[in-house]
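Everything on this sheet refers to the single structure shown next.
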Amino acid sequence: MRKFKTNGSQTLLLNIVDHIAGDTMLNDAVIHGALQQMCARLTACYAVDPVNVVEDKLIFPDQPWTLFKTIIVPVYMKSLRHWLLQIVQLRVGSEEKQTPDPGGADQNPHITVILYDPLGDINMPFLEQIWEKYTLRLLQAWHKRDSDRDRFALSFRALVKATS
-4 MRKFKTNGSQ TLLLNIVDHI AGDTMLNDAV IHGALQQMCA RLTACYAVDP
46 VNVVEDKLIF PDQPWTLFKT IIVPVYMKSL RHWLLQIVQL RVGSEEKQTP
96 DPGGADQNPH ITVILYDPLG DINMPFLEQI WEKYTLRLLQ AWHKRDSDRD
146 RFALSFRALV KATS
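Take the sequence shown: its letter number 157 is residue 152 in the working numbering, and every next letter is one higher.
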């Protein structure tokens, strides 16, 4: 049986099916495993581990954010024991060129955020708060890390060229 590991724990595929079928409550491992499966079938998708959101950990993959078109952020509302989603759609530069070269003309991201609550709009203020407190900070930190890497790479290339 296939297992899915997250920062918080691990779960079996059968457990994901049980939760979706309504036999048991959804937990962070089940949500993350299901979102990982969904992202595996989509192009350029990344699912944030729900444990990182709850614990306010700004953890992102080693890959540059420009490689992703969609970032899915699961949000747990503890007071209602209820899951919500933030779906972040990223576009860098023009539509034709999704990953510009370091130092390229238009590296500013164009971000569209979809806030989803299966119960309707009543929890939108909570989702907006998580966007400001967590998700936006995550994207900014990820962008800064990649920008610093790009600047270092350009400086290193210039140094190597100057010493050649």
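We treat Cβ as the ideally placed atom computed from N, Cα and C, and that holds for glycine.
When secondary structure is reduced to three states using DSSP, Leu75 falls in the coil class, being assigned neither helix nor strand. Taking C-beta atoms as the reference points, Val25 and Tyr129 fail to come closer than 7 Å. By the Cβ neighbour-count rule, Ala29 is buried, with 16 or more other Cβ atoms within 10 Å of its own. Counting every other CB atom within 10 Å of its CB across the protein chains shown gives Ile67 a total of 16 or more, marking it as buried. Nearest C-alpha to Asp57 among Arg140, Ala148, Thr107 and Phe147: Arg140. In terms of CA proximity to Thr38, Leu62 leads the group Leu62, Asp112, Glu50 and Met20.
In this structure, Leu122 lies away from Leu149, with their beta-carbon atoms at least 7 Å apart. Following the DSSP letters along the chain, one finds Ala35 inside the alpha helix (DSSP H) bounded by residues Asp23 to Arg36. Pairing Phe55 with Trp137 gives a Cβ-Cβ distance under 7 Å.
Of the residues assessed, Pro45 falls on the buried side of the cut-off, its CB having 16 or more other CB atoms within 10 angstroms.
Cys34 and Ala42 have their C-alpha atoms roughly 7 Å apart. The Cβ atoms of Gln84 and Thr107 lie closer than 7 Å to each other. About 11 Å separates the beta carbon of Leu131 from that of Leu53, a gap too long to meet the 8 Å contact definition.
The shortest C-alpha to C-alpha distance from Asn22 to any of Gln81, Tyr71, Ala153 and Ser142 is the one to Tyr71. Per the coordinates, the alpha-carbon of Pro120 lies some 16 Å from the alpha-carbon of Arg76. Contact check for Leu110 and Gln81: beta-carbon distance about 6 Å, within the 8 Å limit, so the pair qualifies.
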